[in-house]
Structure formats: C-alpha cells, structure tokens
Amino acid sequence: MGVLIVVVSACGFGSGALFAKPAYDAGIDWLTLLAWRFAIGATLAWAWLLISPARRVGLRAISRRQVAGALALGALYTGNASAYYAALETVSASLAALIVYIYPVLVAVLTLRIGRPLEGRRAWTALAVATLGAALAIGGIDTTHPPPLSGLLLAVASPIIYACWIVLSARLGGERRDRTGHEDDAGAAAAVASALMMTASAAIFWILGLASGRPLAPTSIPAAAWGPLLGLGVASTFIAIQLFYAGARRIGAAQAALISTVEPVYTITLAAVLLGEFLTPIQLAGGALILGAVLLAQSSGAGRGAAPELRLADE
161 MGVLIVVVSA CGFGSGALFA KPAYDAGIDW LTLLAWRFAI GATLAWAWLL ISPARRVGLR
221 AISRRQVAGA LALGALYTGN ASAYYAALET VSASLAALIV YIYPVLVAVL TLRIGRPLEG
281 RRAWTALAVA TLGAALAIGG IDTTHPPPLS GLLLAVASPI IYACWIVLSA RLGGERRDRT
341 GHEDDAGAAA AVASALMMTA SAAIFWILGL ASGRPLAPTS IPAAAWGPLL GLGVASTFIA
401 IQLFYAGARR IGAAQAALIS TVEPVYTITL AAVLLGEFLT PIQLAGGALI LGAVLLAQSS
461 GAGRGAAPEL RLADE
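In my numbering, the protein residues as written are 161 to 475.
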C-alpha cells in the first residue's frame with residue numbers, strides 16, 4: 161500500500177510541469193502560479209480533513225510542537241517550489257527534471273544520519289539504477305540554447321531543499337533509524353500535516369505576491385490559466401503532497417524517494433499520449449530501468465521494519 165500511494169503521488173508531482181507551462185503561456189508568472197497553486201491545495205486539504213470525524217480527531221490530538229513543525233515544513237517547501245517553478249521560466253522542463261532527480265540520492269545520504277536508511281546492497285543498487293534510468297528517460301535535452309546561470313542555480317537548489325523537506329517531514333511523522341512512521345494513523349496524520357504545510361506555503365506566497373504587486377485577484381487571472389491552475393492545485397499539490405507524506409510514513413523517506421523515480425516514466429508516457437511525442441529507444445530503456453529498479457528495491461526488503469508504538473499525539 162505504501163508503494164502504491166507513493167507511485168500515485170509521483171504521478172501527481174509529474175504533472176506539475178505539464179500544467180505550469182500552459183499557465184505561463186497564458187500570461188501569469190511563477191509567483192502568481194504558486195500563490196494560487198497552494199491556495200487551491202490548502203483549501204482542498206482542509207475540506208478533506210474536516211469532512212471526516214477520524215481526521216478531525218487527529219487534528220485535535222496534534223501537539224503544539226507538531227503544529228510548529230508542520231508550519232515550518234510548509235515554509236521550507238516554498239523554497240523548493242519557488243526554485244523549481246522559477247527555473248522553469250528559463251530552463252527546459254526536461255533539463256529541470258534531470259537536475260531535480262538527484263534528490264533520491266540526497267535523501268538516501270541524509271537518512272544515513274537522520275531517519276531510516278536504505279537497507280542492503282540491493283537497495284542501493286536499485287537507487288543507482290533508478291537514477292540512471294531517470295537520466296535516460298527524461299532525454300531530449302536541448303544543448304544548443306543553454307539556459308542562464310541563474311536558472312541552473314535555481315534548478316539545483318530545488319532538489320537540495322526538497323531532499324531536506326522529505327527527510328524532515330518523515331522525522332515529523334515518527335520515522336527514526338529503527339522504524340518508519342505508524343501505518344495505522346498514516347492517513348489522518350497526512351491529512352493534518354499536509355493541511356498545515358500547504359496553509360503555511362499558501363500564506364507565504366500570497367504575502368510575497370501582494371507585497372510585490374502581483375495581480376492575484378481572480379479577475380486578474382487570464383481565463384486560459386484557470387484550467388492549468390486547477391490541475392496544479394488538485395493533482396500536483398493536494399493529492400501529491402498528502403499521498404507522499406502518507407506513503408513515506410509507511411515505507412520510509414529513502415524508500416519513498418526511490419519509488420518516486422517512476423515520475424519521469426509517467427511524465428513521458430503522458431506527453432506521448434496527450435501531445436503525440438515520439439519516445440526514443442533510450443527513453444524506453446530508461447523507463448524500463450526505473451521500473452526494474454523499483455521492483456529490485458521491493459525484493460530487497462528495504463522499508464520493511466517494525467512499526468513504532470508512537471502515535472501522532474504522542475510525539
């Protein structure tokens with residue numbers, strides 16, 4: 161279940177660039193896009209949380225320390241989102257995706273000291289194979305028109321911040337070196353934490369947007385941008401963040417990051433179906449490597465540890 165949840169989350173994240181590009185073409189910039197992205201995501205997250213009695217119990221049980229931690233993670237996530245979507249204005253989606261996919265390696269290294277690391281030689285081999293597969297699957301890098309240095313630096317900053325966010329969010333969810341988070345309350349915990357995180361991110365982007373004079377009023381948003389914005393807010397924010405957090409609680413941050421390398425497989429497949437793009441043999445080989453690496457990781461036993469006795473309210 162944890163693997164399946166993370167795969168669905170990766171598909172949601174993988175739709176982000178496909179939604180962002182037409183929104184930019186409609187005439188909005190990255191800050192306006194992110195302000196509305198997280199406003200939509202946070203609204204849906206609170207609706208999802210409050211509609212369920214079980215999830216409302218999780219909200220009442222959360223400690224002040226956990227609230228502060230979730231809000232801080234939401235603030236940290238603004239750095240990742242800002243860097244990636246600002247980079248997309250000058251860096252091709254393929255090159256940005258290629259750079260971003262260093263984050264599973266960063267997460268694996270960070271969890272050696274913080275959280276539950278990958279276990280065994282087979283899991284680390286799977287990570288290396290998945291990273292190579294992502295590089296091949298993305299493909300299509302335009303080397304004739306190099307992007308500006310500022311765009312490249314932003315693209316590099318994004319996976320570094322994202323890796324820190326993944327490890328720290330797993331820590332908030334109860335992950336330690338000897339265990340992942342508690343599976344029984346993963347859904348309620350994800351609903352509470354993601355609602356708080358997205359609220360913090362939305363508040364920061366709206367403050368920045370208003371302070372910089374961005375046209376954030378609904379009447380100022382071009383009609384052609386609303387479809388991509390809704391897709392981004394629903395699929396790539398509300399669904400993707402909540403499911404990743406729930407999945408990481410079940411299988412661990414490092415394992416979740418490794419499984420998330422299925423994202424470029426989804427993205428290039430969707431591009432082929434919707435846009436009629438031709439997939440090269442190298443891209444197909446890269447996709448096969450990723451899928452093989454995911455299967456190898458699951459056969460290694462990584463991410464299968466004793467569930468902790470700790471509940472959300474006990475942290």
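Note that CB positions come from ideal geometry on N, CA and C, so glycine has one too.
So what does DSSP say about residue i, is it helix, strand or coil?
i, result
"M161", "coil"
"Y405", "helix"
"S361", "helix"
"G412", "coil"
"R471", "Caution is warranted here: a pLDDT of 35 is assigned to R471, below 50, making its placement in the model unreliable, and no coordinate value can be reported."
"G369", "helix"
"S380", "helix"
"P424", "helix"
"I419", "helix"
"L287", "helix"
"P375", "coil"
"G172", "helix"
"T429", "helix"
"G446", "helix"
"I274", "coil"
"G280", "coil"
"S354", "helix"
"V167", "helix"
"V454", "helix"
"L258", "helix"
"A348", "helix"
Starting from residue i, trace the alpha helix (DSSP H) in both directions and tell me its first and last residue.
i, result
"A385", "A383 to G393"
"T203", "W190 to L210"
"P319", "L309 to L332"
"S242", "R224 to A247"
"F398", "Per DSSP, F398 belongs to no alpha helix (DSSP H) and is neither H nor E."
"Y263", "Y263 to L270"
"R216", "P213 to A221"
"P182", "G176 to D185"
Tell me whether residue i, by its Cβ, gets closer than 8 Å to a heavy atom of the ligand GTP.
i, result
"A362", "Annotation note on the ligand GTP: not contained in the displayed structure, which lists no ligands."
Mind checking whether residue i and residue j have CB atoms under 9 Å apart?
i, j, result
"S318", "L233", "no"
"A230", "A360", "yes"
"V425", "I450", "yes"
"A235", "I367", "no"
"I222", "A406", "no"
"G293", "G447", "yes"
"V217", "A349", "no"
"P441", "G187", "no"
"R374", "L191", "yes"
"L456", "V289", "yes"
"A315", "V251", "yes"
"A323", "A170", "no"
"G162", "Q402", "no"
"A453", "A295", "no"
"A180", "L392", "yes"
"E335", "G412", "yes"
"I326", "V167", "no"
"L178", "L430", "yes"
"L210", "L204", "no"
"G311", "R409", "no"
"L194", "T238", "yes"
"M358", "A202", "yes"
Can you check whether the C-beta of residue i is within less than 9 Å of a C-beta belonging to chain C?
i, result
"W366", "No chain C is present in this structure, which holds just one protein chain."
Handout entry: Cβ contact (3+ pairs, closer than 8 Å) linking the segment 396-412 and the segment 191-204
Key = Enough Cβ pairs lie closer than 8 Å, so yes.
Exercise for the section: Answer yes if the segment 309-326 comes into contact with the segment 237-249, meaning at least three C-beta pairs across the two stretches below 8 Å, and no otherwise. Expected result: The segment 237-249 is in contact with the segment 309-326.
Practice task
Mind the definition here: the segment 256-266 touches the segment 387-394 only if three or more C-beta pairs lie below 8 Å; say whether that holds.
Solution key: Result no; under three Cβ-Cβ pairs closer than 8 Å.
Exercise for the section: Please determine if the segment 410-425 and the segment 261-270 are in contact, where contact requires at least 3 C-beta pairs separated by less than 8 Å. Expected result: Yes, since at least three Cβ pairs between the segment 410-425 and the segment 261-270 fall closer than 8 Å, the two stretches touch.
Exercise for the section: Flag this pair as touching only if the segment 346-356 and the segment 267-281 have three or more C-beta atom pairs under 8 Å; answer yes or no. Expected result: Of all C-beta pairs linking the segment 346-356 to the segment 267-281, fewer than three are shorter than 8 Å, placing the two stretches out of contact.
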